[in-house]
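Basically the working numbering = 1-based index in the sequence shown + 1. Glycine is no exception: its CB is placed at the ideal position from the N, C-alpha and C atoms.
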Amino acid sequence: MNQHPSKRSSARRAAAFGVLLSGCSVGLPEFPDRADASPSPDAGVVSDGATPLTCAPGSLSGFVPPANWKEPNPLHRNMCTDAQAVAVAECLSAFDLNPTACSTVSASAPTCYGCAVTSSLAPTLGAFIDDGSFIDANVPGCVAALANDVGPAGCGARLRANQACAGFACQACDGAGFGPCSEAASAGPCVQYDISCAKPLLAQCGTTEPSYKEFVLKLVRLFCVP
């Protein structure tokens, strides 16, 4: 599936599920430069991590863990120069505001862009996953590759299951309420999908970077730069 970047939705999945900076959850950090970032809530139910909630996790009735785990591509594939990686990171971090931002990069550096952004139909996955409508960060794949534990019962697969569980529990939450809800769900009803193995590796996947662009760049460099 090689869709042109301009044909994809301009809205990045609101629950792209990386890891909150608190280290307790599996929601993307609320990077201030994300176009879809929302102000933090200042009241509501409080989770175990003392993060205020405006929307609490719902029932897991009907939740089925994702079964189609795909292994990550090898890291440091030498398919991007650093300058190309920076260009890819710039276009992906601007994608919400400018859906055509990656058109030039994908045309001028197709090998690099193809390493960084893989189709969800590909047999193995890169730093970002394109399902034709959204582009999501492959933090579980990053964790799996770093842990050298890439199988369907491995560390990355468990992180993905925890993410999916938290997303299901918080599907009724929007905007600022989603991140704190997913944090509470990850450490609460979704704790059966143990992600303790992932926590030491998350910073290497960029989740503690100070901006969304730097998070994207770290993932692209890890997967695609020598």
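Express the C-alpha separation of residue 227 and residue 117 in angstroms, rounding to a whole number. 13 Å
For the ligand NAD, is there any heavy atom lying closer than 7 Å to the beta carbon of residue 212? The model on display carries no ligand, and the ligand NAD is accordingly not part of it.
Secondary structure of residue 138, DSSP reduced to three states: strand
Closest to residue 125 by CA distance: which of 190, 76 and 56 is it? 76
Straight-line CA distance for residue 173 to residue 165? 14 Å
Using 8 Å as the cut-off, can you tell me whether the stretch 202-209 makes contact with the stretch 80-97, which would need three or more C-beta pairs spanning the two stretches below that distance? no
Among 183, 74, 195 and 54, which has the Cα closest to the Cα of residue 155? 195
Start and end of the alpha helix (DSSP H) containing residue 224? 213-225
Collapsed DSSP secondary structure at residue 60 in the structure displayed: coil
Residue range of the unbroken alpha helix (DSSP H) whose run includes residue 151: Unbroken run through residue 151: none, as it is neither H nor E.
Once the 5 residues before and after residue 224 are set aside, which same chain residues still bring their CB inside 7 Å of it? 74, 76, 78, 116, 117, 127 and 128
For residue 106, the nearest candidate out of 221, 88, 61 and 220 (CA to CA): 88
Taking its Cβ as the centre, do 16 or more other Cβ atoms sit within 10 Å of residue 119, making it buried, or is it exposed? buried
Distance, residue 92 Cα to residue 99 Cα: 8 Å
Report the residue from 176, 175 and 139 whose alpha carbon sits nearest the alpha carbon of residue 158. 139
Decide if residue 163 is buried, meaning its Cβ has at least 16 other Cβ atoms within 10 Å, or exposed. buried
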